[in-house]
Each structure stands twice: as structure tokens, then as C-alpha cells.
Amino acid sequence: MAAPILIFPSLFLALNTGGAGRAIDLPGFPAVDGFLDFQIAAALMQSTMMGGLTGGIALAMDIETGFSDRLMLSPISRFSMVLGRLAGAIVLGMLSGIYFLAVALIFGASIQSGVLGALLIIAMAGLSAAAFGGVAAALAIRTGRVSSTQGVFPLVFVLIFFSTAFFPENLLLEPAQTIAAWNPFSFIVDGVRNPVISEMSAGPIGEGLLATFGVMAFGIALSALALRSRLRSGG
Amino acid sequence: MSAAAAELRTVALLSRRALNEIVRVPGAAIPGVLAPTIFMLGLTAAFGNLILLPGFGTDDYMSFLVPVSMMQGAGFSGAATGVNLARDIEQGWFDRLLASPASRRSLLAGLVVSASLRALLPASFVFCVGLAFGVTWPGLLGLAIAIPVVMLTAAVASCWGAMIALRFKSQSAAPLMQSAMFMLVLFTPSYAPQELLTGWLQDVARYNPLSQTLEAIRQGFIGDVSWAETWPGLLAVAALAAVLSVFALRGMQRMAD
């Protein structure tokens, strides 16, 4: 479980920072103290996305092994089963936020907006984990298969690459630049990045929160529909 | 039949058995082909403007990145061979092979040859996708160097995978096989030339044997091919394969004892 949530994003963080660190000298790159400051939000969001997907895979495993059928027969609200998983995702996301902020500080990054900004980042990490977890849960309930849910892993990377996670929008190549301008993941990652690289500003943080709640609502709605469909079909 | 001919036949049969998996379970080969392709396209989209940095040395980032993805594909192919060996150990099939009169080295060679051949699948796919996106044609000489070096990289990965499989005897060791190769391939001048890397990665890449290997594959894609750029890469990957094969053979011997 630690591999997709902490180890892989940490490896990518190390690789991106060392491999593309000179990018901050490019004309048009936002003013930052170092490339690590810019990358930390990307690693954190990658982690929460992977965390959400891992939760979805666990749910699919419960469905495959029949454990969720036994839960369905028990006298608890069906939707609370999904919400319980999302609550777990929030906690994992927040822990991941603390971990990556610690990594950032240890390796010389600075949080420009201070303690308040750091707390906001941790809260946004938890919310985004729930948002991605909701979409993954919907997929797990809809397909009921671990392999199908795992099959989304490449899509996670497509979403990340074609967003502003790794590079600023004005320096992305086309068509990534156009896709990133509309990709909700760009808004979320920019919202988390804002307190790291500057004083907190309402614009990017507000857009980030709006995108997070949008993805969360989408995920919960899809989960509800998938759950209803599964209960109707008896499968 | 002479002993050498019998060994070669064993190697050929074991390689064929391993390669049959691609035909019988094509889905198992998809991640190893898809992942390097997604990385190549995604990293180009994200970091493509790094070529604007003074001293980058090429005007096409994807040409710079294609060799990395070919090596990544080789790494995945080799690691997959290790995972398959772990599965054979779990299911008891490998015990039967060890009890057969086949030599240990032919058992290992079967794995290594199959991984080297299997690596051609992701390498060809990545190369063709790259060409479709306008990557520089490396020339026949560039390809003639790139292909065997990619195959040797897969041999290194398969020896590593075999070593780990023989040590842990479980498919659950798969992340160790894959992540080590991931690091070995990417902790090189993969994103930018050596002089433009920063911090610790600059030092790690300088001493990583696969850095020379990457430069040998890359030379045709970003410039002229020379023997001076080729031999260090060939030597590094061949030496790494030789050292790891010794460890893998010792692992087999220990398992048989």
C-alpha cells in the first residue's frame, strides 16, 4: 500500500527535481525558490490520486471475494459503506500531505504562506483524496473487478502529464497546454501549489476547492448510481 | 547430441515457453508496452520545453526521450521474466526443472534470452510511435547499436529479476524487481543531459552504469554515431549482466542444495 501512495510519488519527486531542476531558468517559469517548491504539489496530488485508486481496488476486492455481499445483508446503510471508505481516504490523504510537507521542508523547500498555508494544504490533500476515492469507488462498484479498477492506473498518469502538475501551463507543449487548461486536475494541483510558492490568494485556492468538490460530487453521484444498478441486478 | 547442442536446445525450448505467454496471454504484455509509451508522450508534453535551456544539445525532446522509453520497456520485460520465474517457483514447476538433467546456466540462459527477445516488443512499439510523432531517424547504424544494447538491458533486468525471485520465491517480490530497474533506468541523464542535471541526481547519474548505456542508444537519435560513445555503454551493460548472472546462478545453486 505504501508503494503507490508514498514510494512512487517520492521517487518521481526526486527524479523530476534532479532531472528537470534547471527548468526554473526558463523564461516564463513562475518565480520560485527552487523546482522542489513547484513539484511538491504534484507529488502530493499524485499520492492522493494513487491513494484513492488503491481504495477503489480494495473495494473491488471486497466485491470479488463476496465480503461486500455480507455487508449488504447487515443492518447498516449501504451508502455508508462507500462513505466509510471515503472517510478513510481523507485520513490517508491528510497523512500523505503531512509526509510530503515534511519531505519538502527537509530538502530545503519553503512554504511561503506559513503554518496556515501548510494546514490548508493538508486539508486540501484530504479532500482531494476523497474526491479521487469517490471516482475509484464508483468504478469498483460498477465493474466489481480488481483487474478493471487496476486498469485505470495508466489513465492516472495521463491525467497528471496533461495537467499543470509537473510544469506551468504556459510552458507545456501542445496539445497538453490546451488539455491542461480544461483538466480539473490542473485546478486542484494549482490550488494546492499556491500556498507553497506564494502568499495565499483566493483565486487559485478557490478554483482548486471548487474543482475538488466538483470531482467529489461527480464521484459520489456515480457511486450511488453504480450501487443502485448493482443492487437491482443482484450482482 | 553433443552437450553444447543439448544445452542450446534447452535454452531454445525454455525461451519459446516464455515467449508463448505473449501469444497466449497477450494482456500480460500490454502494461510493459503501454507504460513506456505513456511516459514518453507524457514527459515530452510536460518537459518538452527543457530543450530551450542553453546546452541541451537537441531541438526535439522526444528524440532525446525515445531511448529512455526503450530501456524502460526492456526493464519491464526483464522484470516480467523474474515475476514469471517466481510464479514457476511458487507452483513447483521450477523444482522439476532443477531436478532435470538440464544445467543451471541453460535454465538461466532460457530466461535471459526470452527477456531479451521480449524487449523487442516495447522497443519497436515505442520507436514506431516516436517516428509517428516526428522523432529523428537514428540511421541503420544507430539502430544496429540501439537494438542489441536494449536487449542486453533486458538481460540485466532478467538476471536481477531471477536473483530476486530465487531469493524470495514469491511473486509478491515483483515491486522490488520493477522499482529497482525503474530507478536504474531513470536515475541516468534521462530527462536532461548530464551537465544540466541538478543536485544528487547529477552524482548518481555519473556513476550509474546504465548512464553510458543510455548514451550509446541515444547517440543516433540526437546526433552522429561513434565508437567512442558506443563501447562504454556496451561494456557497462555487458559487465552488469555478467555480474548479476553470477548472483542468479548462485541463487539457483542454493535453491537446488
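Chains as they are written, first to last, in the numbering used here: chain A, 1 to 235; chain B, 1 to 257.
Just so you know, even glycine gets a beta-carbon here, dropped at the ideal spot from N, CA and C.
Here the alpha carbons of Phe153 of chain A and Ser158 of chain B stand approximately 24 Å from one another.
Gly75 of chain B places its beta carbon 9 Å or farther from that of Leu196 of chain B. Proximity of chain A to Leu53 of chain B at the Cβ level (cut-off 9 Å) is accounted for by Arg22, Ala23, Asp25 and Leu26, in chain order. Here DSSP, grouped into helix, strand and coil, assigns Pro184 of chain A to helix.
Taken atom to atom, the span from the alpha-carbon of Asn170 of chain A to that of Ala23 of chain A is near 13 Å.
At a C-beta separation below 9 Å, Phe162 of chain A has these neighbours in chain B: Gly42, Ala45 and Ala46.
Interface criterion met: the Cβ of Ile7 of chain A is under 9 Å from a Cβ in chain B.
Around Gly19 of chain A, the beta-carbon contacts reaching into chain B at under 7 Å are Ser190, Tyr191, Ala192, Leu197 and Leu201.
When secondary structure is reduced to three states using DSSP, Gln177 of chain A falls in the helix class.
Counting only the Cα atoms, Val135 of chain A lies some 20 Å from Pro9 of chain A. Within 7 Å of the CB of Ala176 of chain A, the CB atoms of chain B belong to Ala45 and Ala46, in sequence order along the chain.
In chain order, Thr10 place their CB closer than 6 Å to the CB of Ala102 of chain B, counting only its own chain and leaving out the 5 sequence neighbours on each side. Collapsing the DSSP output to three states places Leu26 of chain A in coil.
Residue-level contact by beta carbon holds for Leu172 of chain A and chain B, with a gap shorter than 9 Å.
Taking the beta carbon of Phe157 of chain A as reference, the chain B residues within 9 Å of it are Ala35, Ile38, Phe39 and Gly42, listed in sequence order. Residues Tyr61 and Tyr191 of the same chain have their beta carbon placed closer than 7 Å to that of Phe47 of chain B, with the five preceding and five following residues left out of the count. Ile7 of chain A has its alpha-carbon roughly 20 Å from the corresponding atom of Ala130 of chain A.
For Val149 of chain B, the uninterrupted alpha helix (DSSP H) run begins and ends at Gly139 to Phe168, by DSSP. Excluding the 5 residues flanking it on each side, Gly126 of chain A has same chain C-beta neighbours closer than 6 Å at Ile90, Gly93 and Met94, in chain order. Taking a cut-off of 8 Å for Cβ pairs, the region 105-118 of chain A and the region 56-73 of chain A do not touch, as fewer than three such pairs fall below it.
Note that the region 102-116 of chain B does not touch the region 177-194 of chain B; fewer than 3 beta-carbon pairs, one per stretch, sit closer than 8 Å. Cβ neighbours of Arg145 of chain A within its own chain (closer than 7 Å, five residues either side excluded): Ala60 and Glu64. With distances taken between CA atoms, Ala211 of chain A lies nearest to A:Val189 out of A:Leu13, A:Ala137, A:Val189 and A:Asn194. Under a 10 Å Cβ-count criterion, Thr44 of chain B is classified as buried, with 16 or more other Cβ atoms of the shown protein chains found around its own Cβ.
Against Met183 of chain B, the close residues of chain A are Leu11 and Leu15, in the order they occur along the chain (beta-carbon pairs closer than 9 Å). Linking Asp59 of chain B to Pro138 of chain B through their CA atoms gives a straight-line distance of about 15 Å. Taking all protein chains in view, the Cβ of Ala140 of chain A is crowded by 16 or more other Cβ atoms within 10 Å, so the residue is classified as buried. For the region 184-203 of chain A, no residue has a beta-carbon sitting nearer than 9 Å to a beta-carbon of chain B. Among the residues facing chain B, Phe35 of chain A is included, as its CB has a counterpart in that chain under 9 Å away. Only exposed fits Ser2 of chain B, as fewer than 16 other CB atoms lie within 10 angstroms of its CB. Around Leu50 of chain B, the beta-carbon contacts reaching into chain A at under 8 Å are Ala20, Arg22, Ala23 and Leu26.
The contact set of Pro154 of chain A on chain B, defined by CB atoms closer than 9 Å, consists of Pro31, Leu34, Ala35 and Ile38 in chain order. At a Cβ-Cβ threshold of 9 Å, Leu36 of chain A and Thr48 of chain A do not count as neighbours.
At a cut-off of 9 Å between beta-carbon atoms, Phe166 of chain A makes contact with chain B. Just measuring C-alpha positions, the residue of A:Ser223, A:Arg85 and A:Gly34 sitting nearest Thr198 of chain B is A:Gly34. Between Phe133 of chain B and Phe157 of chain A, the C-beta spacing is not below 9 Å.
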